[in-house]
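All remarks here apply to the structure that follows.
Number of protein chains: 4
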Amino acid sequence: MNRLIDTTGLQSAIEDFARPRNWDQFHSPKNLAMALTGEVGELVEIFQWLTEAQSREAMADPARAVHIHEELADVTIYLVRLASVLGVDLDAAVRDKLAKNAQKYPPPSVSFTYPQREGNT
Amino acid sequence: MNRLIDTTGLQSAIEDFARPRNWDQFHSPKNLAMALTGEVGELVEIFQWLTEAQSREAMADPARAVHIHEELADVTIYLVRLASVLGVDLDAAVRDKLAKNAQKYPPPSVSFTYPQREGNT
Amino acid sequence: MNRLIDTTGLQSAIEDFARPRNWDQFHSPKNLAMALTGEVGELVEIFQWLTEAQSREAMADPARAVHIHEELADVTIYLVRLASVLGVDLDAAVRDKLAKNAQKYPPPSVSFTYPQREGNT
Amino acid sequence: MNRLIDTTGLQSAIEDFARPRNWDQFHSPKNLAMALTGEVGELVEIFQWLTEAQSREAMADPARAVHIHEELADVTIYLVRLASVLGVDLDAAVRDKLAKNAQKYPPPSVSFTYPQREGNT
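Protein sequence lines, in the order shown, are assigned to chains V, L, B and P.
The first sequence maps to residues 1 to 121 in the working numbering.
The second sequence maps to residues 1001 to 1121 in the working numbering.
The third sequence maps to residues 2001 to 2121 in the working numbering.
The fourth sequence maps to residues 3001 to 3121 in the working numbering.
Next up, the structure:
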């Protein structure tokens, strides 16, 4: 079965980067969760004063596109590292979660459809 | 060349989940960045009162392991969704970032080694 | 001179609460910064799927108003506690910052006015 | 009765700053919650690689002390602004919350004391 997400290459690349720099000592789950927070904060700052419509066009600005690229990379790196030091298989985790979500939010049917949102989208 | 991270399966799975539920209208980058924040907040809460040493053993507690699993999944899902609606290739993004990091933090050499941390690890 | 912000009462109330419960041992700045993150995450979740216009009316819904009240309280309590254990005078801190902001963002003049935002407000 | 927290001065100062700069249009609760997140992220970054013990001494380093001062100010400013645009009285909010906490975490008694934490503090 194909994986929904495969992070094995990145996991190894981070390990190979961290080990010779003696960074394993800093990479406790507690610290990595904090680092993840910090990077997500930097990502959020990019969008905070934009309207939703502007945020949908955010990549059209070349400087902002570079910035978004970089912050998404930082978040991804810390997330994969955190899962790795905890020994969590992200593929299994997202499969379990999507299955739960499918029960929590049943697919629309003849008698029920999800509503259109009012106002700006 | 092998990818460091491959999220194509998850990206499709989320699209297939969101579309029939009319959720595309809510999934602006602005909103998804907020949702990512919220999930990271829930992840951080798991570790906030633990010592670093305790955080390294966090998965040994079965109930906590389930909780961590779920929160990591939520963060992963929103991160991949956010990259997807922005059209960002996370594999390219992390490659660029790791290359930058390699320049910013040169590998240790005969004349320079990264220090051991004092105190608890 | 009047204070811009006075948190002395809350600071004492939290100390009186934490001490008999042996919570000082948990209230390191590192841990409190994490706890602050978690509470801000819960606050952000309230607004993540709302439009900006809807967020301006968020208190009109009684259940949501209670929720907002509570999350703002949690954020405030951890922020004041964090400043307190660090020995930071929040009144002095915000005065310094407002003075810096006044230099960074000069008041509008005949030759320069701040623009109206396009799109939804 | 004395207030536990009084933010009226800061609230006015922010209003007087925002109005001539046409910033009210940006200061929706949704946007301010995001801005608060970003600033908390910057605060967390200061502590992420420190041990808890090091975080308790964080103000001893003059450069770091300035940084902490500034980030705490930013968080405070956005928090007070957010409460203000929502019309939330932070003093009432924290009173309600402390009363709830007193019920949730009863004071220690002869038969029950809160435990000492193991490991590093």
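Virtual Cβ for every residue (Gly too), placed ideally from N, Cα, C.
Grab me the residues of residue i's own chain with a C-beta within less than 8 Å of its C-beta, minus the 5 sequence neighbours each way, in chain order.
| i | result |
| --- | --- |
| I46 (chain V) | A58, R64, H67, I68, E71 |
| A3033 (chain P) | L3082 |
| L3050 (chain P) | A3058 |
| D1024 (chain L) | A1018 |
| V2110 (chain B) | none |
Below 8 Å between beta carbons: does that hold for residue i and residue j?
| i | j | result |
| --- | --- | --- |
| A13 (chain V) | Y78 (chain V) | no |
| D91 (chain V) | L4 (chain V) | yes |
| D2006 (chain B) | D3006 (chain P) | yes |
| V2088 (chain B) | E2039 (chain B) | no |
| Q48 (chain V) | N3002 (chain P) | no |
| P106 (chain V) | N1022 (chain L) | no |
| V2044 (chain B) | T3008 (chain P) | no |
| P1029 (chain L) | R56 (chain V) | yes |
| P1152 (chain L) | P20 (chain V) | Coverage of chain L is limited to positions 1001 through 1121, which leaves residue 1152 (chain L) absent and any answer about it impossible. |
Note down, in chain order, each residue of its chain lying with its Cβ closer than 6 Å to the Cβ of residue i, except the 5 sequence neighbours on either side.
| i | result |
| --- | --- |
| H1027 (chain L) | V1085 |
| E3042 (chain P) | E3071 |
| A3099 (chain P) | none |
| Q1054 (chain L) | none |
Please go through the same chain and pick out, in chain order, the residues whose beta-carbon is closer than 7 Å to the beta-carbon of residue i, but skip the five residues on each side of it.
| i | result |
| --- | --- |
| Q2011 (chain B) | V2080, S2084 |
| V2122 (chain B) | Because chain B here runs from 2001 to 2121, residue 2122 (chain B) falls outside it and cannot be looked at. |
| A2073 (chain B) | none |
| A102 (chain V) | none |
Practice task
Report the residues of the region 47 to 60 of chain V with a CB closer than 8 Å to any CB of chain P, ordered along the chain.
Solution key: F47, Q48, W49
Exercise for the section: Please list the residues of the region 2029 to 2044 of chain B that have a C-beta atom closer than 7 Å to any C-beta atom in chain V, keeping them in chain order. Expected result: M2034, T2037
Practice task
Scan the region 3054 to 3115 of chain P and note each continuous alpha helix (DSSP H) run of 4 residues or more that stays entirely inside, going in chain order.
Solution key: 3062 to 3086, 3090 to 3104
Handout entry: Those runs of the alpha helix (DSSP H) which lie wholly inside the region 6 to 33 of chain V and span at least 4 residues
Key = 8 to 18
Exercise for the section: Please list the residues of the region 1092 to 1104 of chain L that have a C-beta atom closer than 9 Å to any C-beta atom in chain V, keeping them in chain order. Expected result: A1092, A1093, V1094, R1095, D1096, K1097, L1098, K1100, N1101, A1102
Exercise for the section: Give the residues from the region 1004 to 1031 of chain L that approach chain B closer than 7 Å (Cβ to any Cβ), ordered along the chain. Expected result: F1026, N1031
Problem - Near-chain L residues of the region 60 to 74 of chain V - C-beta to any C-beta below 8 Å - result: I68, H69, E70, L72, A73, D74
Problem - chain L contacts made by the region 76 to 90 of chain V, where a contact means CB separation under 8 Å - result: T76, I77, L79, V80, L82, A83, V85, L86, G87, V88, L90
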